[in-house]
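Report on one structure; see the data block that follows.
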Amino acid sequence: MGIKNYVAFDCGNSSIRVLSGLFDGERIKAELVHQVPNEAVKVNGIFYWDILYIFRELQRGLQKCYLEFGPVESVGISTWGIDFGLLGESQQLLGNPLCYRNTFGEIILNTLSQKEKEKLFNATGILEHSMNSLYQLIGIKEYLPEYYKEAKQLLLIPDLLAWLFTGRICGEPTIASTTQILNMRDWTYSSEVINHFNLNDSLLPPLTKHGDVYGDLKLDIADFLKINVCPFVSVPSHDTASAVVSVPAEREKFLFISSGTWSLIGTELEEPVINSDVYTEGFANEGGALGTITFLKNSAGMHILQNIKKEMEKGGHKYSWDELVSMANSCRSEIPIFDPNDSSFFNPVNMPDAISANTNRNLTIEEVLAAVYLSLACSYRDSIEKIEKLTDTEHKVIHIVGGGCKNSNLNQITSNLTGKDIIAGPEEATSLGNIGIQLRRNQPDLNLLQISAVPKMQKRVLELL
Ligand code: LRH
């Protein structure tokens, strides 16, 4: 068999990446082919995603994959969760998708009573969060009514991109779980949630199954890029769900931290756990690959460090991550600990100032950095203790995957605080999971559901990945 070229789109809050997964019949080698920055754009006080820029860069990446490695077998799309675009009657996009860091969701969530919040958790298995698509959608209905009135179709970012590339309208279940409209017991849209908010359910697309083909690359795009027409495959399109596929766990049960802008701290389950303890401790039953559940806490992650770095570089001097670690480690004063999930760190104008304000101290930049590393590790420890309690399972190892796994200073502090070993990697977890599910489509005996569940299969995956 010749080498086959499977393409993964991996769109994060801070970068757009396209990788070729080269499969020689035995192993996948992932090659990063294209990477450009991504960021939300503020217009008249509202943050938007520039979706056409993202679309154009993904096209460029796809073309490069073809030019470097030959005809493309298939493409899978993974992105951050929650955000969506709206299509109107004539099947055109009604403006750019809003970014979850707007305040609409928070305003709506604050109008709900505790009883309503609990009812919504019980109906879905997903914890309320001001970011969730549900509250953003209600916010649009209230505050941008012309959008809502004209909307005929809601497509989450990966579904929107799949529609731009193939012309097909479909939803993908893992990303749909980030809306808080899906009931995770049976993976159908919850009529309880829809009725509660009097939502127009025809907005919601029918859901695909992993391995299904969304559709083929549009002919005009293939002609424009001068590449072959290839299928777009339904993979776990929520980046967290794809990342969990490639956790190199040795055991059926494992702990993971999917580390990027956010840190998703969790474990994989076969069924959702929906009870008052899970609710009180702040966990969600998000959708995982092939019907599994990623039981997790959505926690602040690299966003805080990225923002501090951005602030420090405003003077023009660039800092490496290693320099930031040395600065943190040079701190000799008492290190304050703060809650990184406090809403004041969600989208502050100046992150170091927000940390000083939160800790009631006028911190030096060294103290800020030291406080961030320690506080993130404390919040990881706290979540991990809760997962062990809620699932009644103890673990010796924490798998940290995704771009943030390179942060060895944070990994070390996390290991010290939890007393657990850290296995860091793969860094390209999302793309590897994405490619793995595409591969499985052509190799049904490659039972990825078993990957993270059965040690014997796990070995096979380690060989593959
Ligand atoms: C991680 C993630 C997370 C969401 C956030 C918007 O990339 O998808 O699960 O809450 O981004």
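Counting the sequence shown from 1 gives a position; our numbering is that position plus 770.
Quick reminder that beta carbons are idealized off the backbone N, C-alpha and C, glycines included.
Because the structure is a prediction, the values reported are computed rather than measured.
Cβ neighbours of Y1089 in the same chain (closer than 7 Å, five flanking residues each side left out): Locating residue 1089 in the sequence shown gives position 319, where the first residue counts as 1. These residues qualify, in order along the chain: K1079, M1082 and E1083.
Whole-number beta carbon distance between C835 and S790, since they are thought to touch under 8 Å: To locate residue 790, count along the sequence shown from 1; it is residue 20. To locate residue 835, count along the sequence shown from 1; it is residue 65. Yes, they are in contact, since the Cβ atoms of S790 and C835 sit about 5 Å apart, within 8 Å.
Contact between the segment 1198–1208 and the segment 1015–1025 (3+ Cβ pairs under 8 Å): yes
CB-CB length for Q906 against L857, believed under 8 Å: Working through the sequence shown from its first residue, we reach residue 906 at position 136. Working through the sequence shown from its first residue, we reach residue 857 at position 87. So it is not a contact: roughly 16 Å between Cβ atoms.
T978, DSSP secondary structure in three states: Taking the sequence shown and counting its residues from 1, the one referred to as residue 978 is at position 208. Looking at T978 - three-state DSSP - the assignment turns out to be coil, as it is neither helix nor strand.
Check whether L1180 and A1147 have beta carbons under 8 Å apart: Mapped onto the sequence shown, residue 1180 falls at position 410. Mapped onto the sequence shown, residue 1147 falls at position 377. Against a cut-off of 8 Å, the Cβ pair of A1147 and L1180 comes out as a contact.
Test item: CB-CB of M1097 and P1042 under 8 Å: Working through the sequence shown from its first residue, we reach residue 1097 at position 327. Working through the sequence shown from its first residue, we reach residue 1042 at position 272. No, the Cβ-Cβ distance between M1097 and P1042 is not below 8 Å.
Near the ligand LRH: N808 beta-carbon under 7 Å from a heavy atom: Locating residue 808 in the sequence shown gives position 38, counting from the first residue. Every heavy atom of the ligand LRH is 7 Å or more from the Cβ of N808, so no.
Cβ-Cβ distance between E1136 and C1175 below 8 Å: Along the sequence shown, read from residue 1 onward, the residue named residue 1136 stands at position 366. Along the sequence shown, read from residue 1 onward, the residue named residue 1175 stands at position 405. Not in contact: E1136 and C1175 (Cβ atoms no closer than 8 Å).
Range covered by the alpha helix (DSSP H) that runs through V999: For the purposes of this step, residue 999 is taken as the residue at position 229 of the sequence shown. First-last for V999: undefined, no H or E at that position.
CB contact check: V813 to chain D, cutoff 8 Å: No chain D appears in this structure, which consists of one protein chain only.
V788 - containing beta strand (DSSP E), residue span: As a position in the sequence shown, residue 788 is number 18, starting the count at 1. Here the beta strand (DSSP E) through V788 covers S785 to F793.
Contact the segment 856–875 vs the segment 1029–1046: 3+ CB pairs below 8 Å: no
G1058 beta carbon near the ligand LRH (any heavy atom closer than 7 Å): For this step, residue 1058 is matched to residue 288 along the sequence shown. Flag unset: Cβ of G1058 not near the ligand LRH.
Environment of R826 [buried if 16+ CB atoms lie within 10 Å]: The residue labelled residue 826 in the question sits at position 56 within the sequence shown. R826 comes out exposed.
Contained alpha helix (DSSP H) runs [length at least 4] in the segment 1020–1061, N- to C-terminal order: 1046–1051
Beta bridge counterpart(s) of Y959 as assigned by DSSP: For the purposes of this step, residue 959 is taken as the residue at position 189 of the sequence shown. Paired residue(s): L952.
Heavy atom of the ligand LRH within 7 Å of Y870 beta-carbon: Taking the first residue of the sequence shown as 1, we reach residue 870 at position 100. Because some heavy atom of the ligand LRH lies under 7 Å away, the Cβ of Y870 counts as near it: yes.
For F854, the residue or residues it bridges with in DSSP: Sequence index remark: in the sequence shown, residue 854 carries index 84 (1-based). Its beta-bridge partners are L926.
Three-pair Cβ contact test at 8 Å for the segment 974–985 versus the segment 927–943: yes
Collapsed DSSP secondary structure at I773 in the structure displayed: Along the sequence shown, one-based indexing puts residue 773 at 3. DSSP places I773 in coil when its eight states are reduced to three.
Nearest-angstrom Cβ-Cβ length linking I1183 and L1144, presumed shorter than 8 Å: Here residue 1183 refers to the residue found at position 413 when the sequence shown is read from its first residue. Here residue 1144 refers to the residue found at position 374 when the sequence shown is read from its first residue. Confirmed, Cβ separation roughly 6 Å.
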